[in-house]
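S.K.:
Number of protein chains: 2
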Amino acid sequence: MSEVQLKDALDALKSTGVRITPQRHAILEYMIHSTNHPTADDIYRALEKTFPNMSVATVYNNLRVFRKAGLVKELTYGDSSSRFDFVTNDHYHIICNDCGKIVDFHYPGLDEVEHLASHVTGFEVDYHRLEIYGTCQDCVGKTAKAQ
Amino acid sequence: MSEVQLKDALDALKSTGVRITPQRHAILEYMIHSTNHPTADDIYRALEKTFPNMSVATVYNNLRVFRKAGLVKELTYGDSSSRFDFVTNDHYHIICNDCGKIVDFHYPGLDEVEHLASHVTGFEVDYHRLEIYGTCQDCVGKTAKAQ
DNA sequence: TACACTGTTTATAACGATTATAATGTAAGA
DNA sequence: TCTTACATTATAATCGTTATAAACAGTGTA
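Protein sequence lines correspond, in order, to chains A and B. Residues 2 to 148, numbered by this note's numbering, are exactly what the first sequence covers, in order. Residues 2 to 148, numbered by this note's numbering, are exactly what the second sequence covers, in order.
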């Protein structure tokens, strides 16, 4: 099924006049197959075997291209570097404050909140972002001292 | 009423053994009275008239102290620098994608989502974060071209 | 009052993620 | 083939944040 996603993404790019380069292909493929939510550097290091000459700037440039095309979402948490998430269906993230692990979960929708916010503030709402923070099972197990 | 908030904050700090310096007093005071959500640099520049010798590091250090004491929340959006928000009551933020303005709004609660997330993922939930993005009234008025 | 102790601020350097720049490469169209 | 426009590379620059070391208070004790 991820092949379909990749094909759809490539088609979407092509239809907006963006050239499909080997690097772009590889970055998209990596993002679709990766279960975690990689940073730009993760992607760079993962692909430097197949593209020994690829520059970090290429990763950033293309992530921006993908973001503008709506294929990829940029997530900024507390930690210094952004994480990137291939847009599939709507889902939310729950993040472990100990080890940083990010797990997806699905929840019907928060349209109601968007409506209320729009009504109260007069904004035109585009989208929202929700994250839940806590401690994952692995870390709950091995934690006795607080940082 | 914000004097009460300031006093409460100072008491909270003192009770945890943190010394109240003039700089800390001023940073807290500025954060309580500011309606927007300042960056560290905003605070630094706002106070450099009264504290010409103050260092940026002092601002960062103390924001961290306040954050650890639970007085201040750090918000990371897409733009490069963190914003800091004095913790009053629970509220959420709606952010303008054009001008960056941040407006508070209140919403009963999202406990339900937390419970579901906890159930599905096995995490112990601490808190969550919700932001809504859109366009504020001012920017809706003067917008015809998309970026 | 003098003295040591501890936490605070300052000044500055270092770090690291991201972006800008210029040069080179590469695909597509006339 | 020539030209044009977009992509990539390599590298430097930018900028927010953090680390470090030295100077500076406050506080408690003799």
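Beta carbons: idealized from backbone N, C-alpha and C, even for Gly. Computed from a predicted model, the values in this text were never measured in an experiment.
1) Using only alpha-carbon positions, find the residue among A/P109, A/P23, A/H94, A/K50 that is nearest to A/N63.
2) Which class does B/K146 belong to by DSSP, given the choice of helix, strand or coil?
3) Output yes if chain B places a C-beta closer than 8 angstroms to the C-beta of A/V73; else output no.
4) With contact counted as at least three CB pairs below 8 angstroms, one residue from each stretch, are the segment 52 to 68 of chain B and the segment 100 to 112 of chain B in contact?
5) Can you check which of these residues, A/D112, A/K143, A/T122, A/I96, is closest to B/F124 by C-alpha distance?
6) Give a yes or no on whether 8 angstroms exceeds the smallest Cβ distance from B/T17 to chain A.
7) Between which two residues does the alpha helix (DSSP H) harbouring A/L29 extend?
8) Run down chain B in chain order and give the residues with a C-beta less than 7 angstroms from the C-beta of A/L117.
9) Spatial neighbours of B/T1 within its chain, please: CB distance less than 7 angstroms, with the 5 preceding and 5 following residues excluded, ordered by chain position.
10) Give me, in chain order, the residues of the same chain whose beta-carbon lies closer than 8 angstroms to that of A/Q6; leave out the 5 immediate sequence neighbours on both sides.
11) By the criterion of Cβ-Cβ separation under 7 angstroms, what are the contact partners of A/V121 in chain B?
12) Helix, strand or coil for B/L111? Go by DSSP, reduced to three states.
13) State yes or no: is the beta carbon of A/T136 nearer than 8 angstroms to at least one beta carbon in chain B?
14) Under 8 angstroms between the Cβ atoms of B/L131 and A/H129?
15) With a Cβ-Cβ cutoff of 8 angstroms, do B/D42 and B/S82 count as a contact?
16) Name the chain A residues whose beta carbon is nearer than 8 angstroms to that of B/Y78?
17) If you drop the 5 nearest sequence neighbours on each side, which residues of the same chain put their C-beta closer than 7 angstroms to that of A/G18?
18) Under 7 angstroms between beta-carbons, which chain B residues line up against A/I33? List them in chain order, please.
M.R.: Considering the structure as presented:
1) Working through the first sequence from its first residue, we reach residue 63 of chain A at position 62. Proximity to A/N63 across A/P109, A/P23, A/H94, A/K50 peaks at A/P23, based on C-alpha coordinates.
2) Taking the first residue of the second sequence as position 1, residue 146 of chain B is located at position 145. With a pLDDT of 39 at B/K146, under the threshold of 50, the predicted position of this residue should be treated as unreliable, though the coordinate-derived value follows. The answer is coil: DSSP assigns B/K146 none of H, G, I, E or B.
3) Counting from 1 along the first sequence, the entry for residue 73 of chain A is found at position 72. Taking Cβ atoms only, chain B never reaches closer than 8 angstroms to A/V73, which makes this a no.
4) The count of Cβ pairs closer than 8 angstroms, one atom from the segment 52 to 68 of chain B and one from the segment 100 to 112 of chain B, stays below three, leaving the stretches out of contact.
5) For the purposes of this step, residue 124 of chain B is identified with residue 123 of the second sequence, where counting begins at 1. Ranked by Cα distance from B/F124, the options A/D112, A/K143, A/T122, A/I96 are led by A/I96.
6) Counting from 1 along the second sequence, the entry for residue 17 of chain B is found at position 16. So no, B/T17 is outside the interface.
7) Within the first sequence, numbered from 1, the residue matching residue 29 of chain A stands at position 28. A/L29 -> alpha helix (DSSP H) spans 23 to 34.
8) Stepping through the first sequence from its first residue, residue 117 of chain A is reached at position 116. Residues of chain B with a Cβ closer than 7 angstroms to the Cβ of A/L117 are, in chain order, Y108.
9) This structure leaves residue 1 of chain B out entirely; chain B is present only between 2 and 148.
10) What you label residue 6 of chain A is simply residue 5 of the first sequence in a count that begins at 1. Here the set comprises I33, F87, T89.
11) As a working mapping, residue 121 of chain A is identified with position 120 in the first sequence. Under the 7 angstroms cutoff, chain B gives F106.
12) As a working mapping, residue 111 of chain B is identified with position 110 in the second sequence. DSSP, read as helix, strand or coil, puts B/L111 in coil.
13) Position 135 of the first sequence, counted from the first residue, corresponds to residue 136 of chain A. So, interface residue.
14) Sequence index remark: in the second sequence, residue 131 of chain B carries index 130 (1-based). Sequence index remark: in the first sequence, residue 129 of chain A carries index 128 (1-based). If you check the CB distance, B/L131 and A/H129 come in under 8 angstroms.
15) The residue labelled residue 42 of chain B in the question sits at position 41 within the second sequence. The residue labelled residue 82 of chain B in the question sits at position 81 within the second sequence. Contact: yes.
16) Taking the first residue of the second sequence as position 1, residue 78 of chain B is located at position 77. Within chain A, T77 have C-beta atoms less than 8 angstroms from the C-beta of B/Y78, given in sequence order.
17) As a first step, residue 18 of chain A must be located in the first sequence, where it is residue number 17. Same-chain partners within the cutoff: there are none.
18) Start at 1 with the first residue of the first sequence, and residue 33 of chain A comes out as number 32. Chain order gives no chain B residues near A/I33, where near means a beta carbon separation below 7 angstroms; the closest approach is about 22 angstroms.
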